[in-house]
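Peer 1: Below is the structure I would like to discuss, written out as structure tokens.
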Amino acid sequence: MLGYIWLFFIVTAVIVGGLNGRIDKVGQAAIDYAGLAVEISVSLIGIMCLWLGLMKLAEESGLIVLISKAIKPITKRLFPGIPPEHPAIGSVAMNVSANALGVTNAATPIGIKAMQEMQTLNKHKNIATNAMCTFLAINTAGVQLVPASIIGVLIGAGAQNPTVIIGPTLFATGTALVTAIIAVKILEKIPVFKTENYLEEGEK
Amino acid sequence: MFVDSFIKTITLVSVWILPLLIVSIPLWALFKRVSLYDTFIKGAREGVGVGLKIIPYLVAILVAIGMFRASGAMELLAEFTSPVLDLIGMPADILPLAIVRPMSGSGALGIMSEIANQYGGDSYMARLAAVMTGSSETTLYVIAVYFGAVGVTKVRHALLAGLIADFAAILASLFICRIVFL
Chain Z
1 MLGYIWLFFI
11 VTAVIVGGLN
21 GRIDKVGQAA
31 IDYAGLAVEI
41 SVSLIGIMCL
51 WLGLMKLAEE
61 SGLIVLISKA
71 IKPITKRLFP
81 GIPPEHPAIG
91 SVAMNVSANA
101 LGVTNAATPI
111 GIKAMQEMQT
121 LNKHKNIATN
131 AMCTFLAINT
141 AGVQLVPASI
151 IGVLIGAGAQ
161 NPTVIIGPTL
171 FATGTALVTA
181 IIAVKILEKI
191 PVFKTENYLE
201 EGEK
Chain W
205 MFVDSFIKTI
215 TLVSVWILPL
225 LIVSIPLWAL
235 FKRVSLYDTF
245 IKGAREGVGV
255 GLKIIPYLVA
265 ILVAIGMFRA
275 SGAMELLAEF
285 TSPVLDLIGM
295 PADILPLAIV
305 RPMSGSGALG
315 IMSEIANQYG
325 GDSYMARLAA
335 VMTGSSETTL
345 YVIAVYFGAV
355 GVTKVRHALL
365 AGLIADFAAI
375 LASLFICRIV
385 FL
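Top to bottom, those sequences are chains Z and W. Position 53 of the first sequence, counting from 1, maps to 53 under the working numbering, and the rest follow consecutively. Counting from 1 along the second sequence, just add 204 to a position and that's the residue number in the working numbering.
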């Protein structure tokens, strides 16, 4: 599915850009964004090292398993594919908390750690598991208690009372979260998304 | 009053949490007699690999998004979908934001900033844009980075679920802003 969406973006860009007389900009954008992708990845390396280092300490000292145990009642329903005291659960919880508090710098590396933990339980390494999809869905709902950068933009535009958006944002993001969880749980049961459909010939 | 103290608490926590975690995890590890420096380095070493590993995934996704935005396809999409948007009560100026939000975080913040500056920081439009930006994530980026880091290319239903969540966030933002701010 990702492949088709990707193709759709590129094909549309070239056709529309051609008709609009902006094909030069489309070509330039391809080059610029390829560079940007490397810049973003490289800029993540330092912060990734820091957090993966700390997470390794948390893991070896048993802290992550402790967190996993503490939130077992919620996570065993959300992630039936992960054993309840598996370190993946602890990383997932830490990622969600970091996102909620707006500590985005820490959230991404911890989320990646969670993905790595879930990957150890994955039989087919190039195919997403149900647990991974659920985790991603929760993540894309983007629950954040105080959206500081957005409030900053409103203040920059002269807002006297920018914090009024916090309540409505929580409502909207909460709705998105609930929808995401329901959607992911329904979609995982639909035949087109079954893991078997993605296996290479010979693996079946 | 309640809102104020809520914000103060959250802000305080989010400023403190980072340094506190950085100091408390090693302290806990020391207490548990884990070899500190070795273990940290062992974990940190993986960071380099992960950073390099996500490059091809991000190149694929960001190039497609960049080309799409540069072509003017966004404006075309806005024109096509405007009858539907009237139906759900979305102002035309908000649409580019709704389209960009799942693709680019900085792009969305930029558009939101334009709207806020054009209409004023306390205007209905600015608040709607703010709620919409704050209530969802950069789905495509998150998928590229997280799945890229573990080498998963078949994302199954993750993308669709993420986009459904984004759509739900848009509808919920329109609904709640209409009730609270209009």
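Glycine residues also receive a C-beta, built at the ideal position from the N, C-alpha and C atoms.
Is the shortest distance between the beta-carbon of Ile-269 of chain W and the beta-carbons of chain Z less than 8 Å?
Peer 2: Yes, Ile-269 of chain W lies at the interface with chain Z (some Cβ there is under 8 Å from its Cβ).
Peer 1: Quick check on the DSSP output: the alpha helix (DSSP H) that includes Ala-30 of chain Z runs from which residue to which?
Peer 2: For Ala-30 of chain Z, the uninterrupted alpha helix (DSSP H) segment begins and ends at 23-60.
Peer 1: Could you name the residues of chain W that Arg-22 of chain Z contacts, counting a contact when the two beta carbons are closer than 7 Å?
Peer 2: Ala-274, Ser-275, Gly-276
Peer 1: From the DSSP output, in three-state form, read off Lys-236 of chain W for me.
Peer 2: If DSSP states are grouped into helix, strand and coil, Lys-236 of chain W belongs with coil.
Peer 1: Using a Cβ-Cβ cutoff of less than 7 Å, which residues in the same chain neighbour Lys-76 of chain Z once the five nearest sequence positions on both sides are dropped?
Peer 2: The residues are Pro-84.
Peer 1: Counting only beta-carbon separations shorter than 8 Å, does Ser-310 of chain W have a partner in chain Z?
Peer 2: no
Peer 1: If we count the other Cβ atoms within 10 Å of its Cβ and call it buried at 16 or more, is Tyr-350 of chain W buried or exposed?
Peer 2: Residue environment for Tyr-350 of chain W: buried (at least 16 other C-beta atoms within 10 angstroms of its C-beta).
Peer 1: Using the C-alpha atoms, what's the distance from Ala-248 of chain W back to Ala-353 of chain W?
Peer 2: 15 Å
Peer 1: On the three-pair Cβ rule with 8 Å, is the stretch 119-127 of chain Z touching the stretch 97-108 of chain Z?
Peer 2: no
Peer 1: Since Ile-211 of chain W contacts Val-146 of chain Z with CB under 8 Å, what's their CB separation in whole angstroms?
Peer 2: 6 Å
Peer 1: Spell out a yes or no on whether the stretch 57-64 of chain Z and the stretch 27-41 of chain Z are touching, meaning 3 or more CB-CB pairs, one atom from each, closer than 8 Å.
Peer 2: Flag = no, the stretch 57-64 of chain Z and the stretch 27-41 of chain Z do not touch.
Peer 1: What does the alpha-carbon distance come out to for the pair Leu-224 of chain W and Thr-343 of chain W?
Peer 2: So the two alpha carbons sit approximately 29 Å from each other.
Peer 1: Taking DSSP as the reference, what is the three-state secondary structure of Lys-123 of chain Z?
Peer 2: coil
Peer 1: Check whether the Cβ atoms of Ile-110 of chain Z and Met-94 of chain Z sit closer than 8 Å, and answer yes or no.
Peer 2: yes
Peer 1: How do the stretch 251-270 of chain W and the stretch 124-143 of chain Z stand: do at least 3 beta-carbon pairs fall below 8 Å, yes or no?
Peer 2: no
Peer 1: Rounded to whole angstroms, how far is the Cβ of Phe-138 of chain Z from the Cβ of Val-96 of chain Z, which I believe are closer than 8 Å?
Peer 2: Before going further, note that residue 138 of chain Z is Ile rather than Phe in the sequence given. Beta-carbon to beta-carbon, Ile-138 of chain Z and Val-96 of chain Z are separated by about 7 Å, close enough to satisfy the 8 Å threshold.
Peer 1: Would you say the stretch 314-321 of chain W touches the stretch 376-385 of chain W, given that touching needs at least three Cβ pairs under 8 Å?
Peer 2: no
Peer 1: What residues from chain W crowd round Ser-41 of chain Z, counting only those whose CB sits closer than 8 Å?
Peer 2: Gly-255, Leu-256, Ile-258, Ile-259, Leu-262
Peer 1: Apart from the five residues on each side of it in sequence, which residues of its chain come closer than 7 Å, Cβ to Cβ, to Ala-98 of chain Z?
Peer 2: Ala-106, Ala-107, Ile-110
Peer 1: For Lys-358 of chain W, which three-state DSSP category applies?
Peer 2: strand
Peer 1: Output the boundary residues of the alpha helix (DSSP H) element that contains Lys-76 of chain Z.
Peer 2: 72-78 is the extent of the alpha helix (DSSP H) around Lys-76 of chain Z.
Peer 1: Counting only Cβ-Cβ distances shorter than 8 Å, please list the residues of the stretch 207-218 of chain W near chain Z, keeping chain order.
Peer 2: Val-207, Asp-208, Phe-210, Ile-211, Ile-214, Thr-215, Val-217, Ser-218
Peer 1: Could you please tell me which residues of the stretch 109-129 of chain Z, in chain order, have their CB closer than 9 Å to any CB of chain W?
Peer 2: Pro-109, Gly-111, Ile-112, Lys-113, Ala-114, Met-115, Gln-116, Met-118, Gln-119, Asn-122, His-124, Lys-125, Asn-126, Ile-127, Ala-128, Thr-129
Peer 1: Can you name the residues of chain W whose CB is closer than 7 Å to the CB of Ser-205 of chain Z?
Peer 2: Examination of residue 205 of chain Z is not possible in this model, given that chain Z is present from 1 through 204 alone.
Peer 1: So, helix, strand or coil for Arg-305 of chain W, using DSSP?
Peer 2: coil
Peer 1: Considering only C-alpha positions, which residue in the set Z:Met-48, Z:Leu-50, Z:Ser-91, Z:Trp-51 is nearest to Lys-69 of chain Z?
Peer 2: The option with the nearest alpha carbon to Lys-69 of chain Z is Z:Ser-91.
Peer 1: Do you know how far the Cα of Pro-162 of chain Z is from the Cα of Gly-325 of chain W?
Peer 2: 7 Å
Peer 1: Using a Cβ-Cβ distance under 8 Å, would Ile-71 of chain Z count as near chain W?
Peer 2: no
Peer 1: Pick out the complete alpha helix (DSSP H) segments inside the stretch 132-173 of chain Z, 4 residues or longer, and give them in chain order.
Peer 2: 148-156
Peer 1: Buried or exposed: Leu-7 of chain Z, going by 16 or more other Cβ atoms within 10 Å of its Cβ?
Peer 2: exposed
Peer 1: For Phe-351 of chain W, go through chain Z and note every residue whose CB falls closer than 7 Å to its CB, in chain order.
Peer 2: Ala-128
Peer 1: I want to verify the contact list: residues of chain W whose CB lies under 8 Å from the CB of Pro-168 of chain Z, in sequence order.
Peer 2: Those within 8 Å of Pro-168 of chain Z in chain W are Arg-331, Val-335, Ser-377, Ile-380, Cys-381, Val-384, Phe-385.
Peer 1: Can you name the residues of chain W whose CB is closer than 9 Å to the CB of Leu-78 of chain Z?
Peer 2: What Leu-78 of chain Z touches in chain W: nothing, since even the nearest Cβ is about 13 Å away.
Peer 1: Put Met-294 of chain W into one of helix, strand or coil per three-state DSSP.
Peer 2: coil
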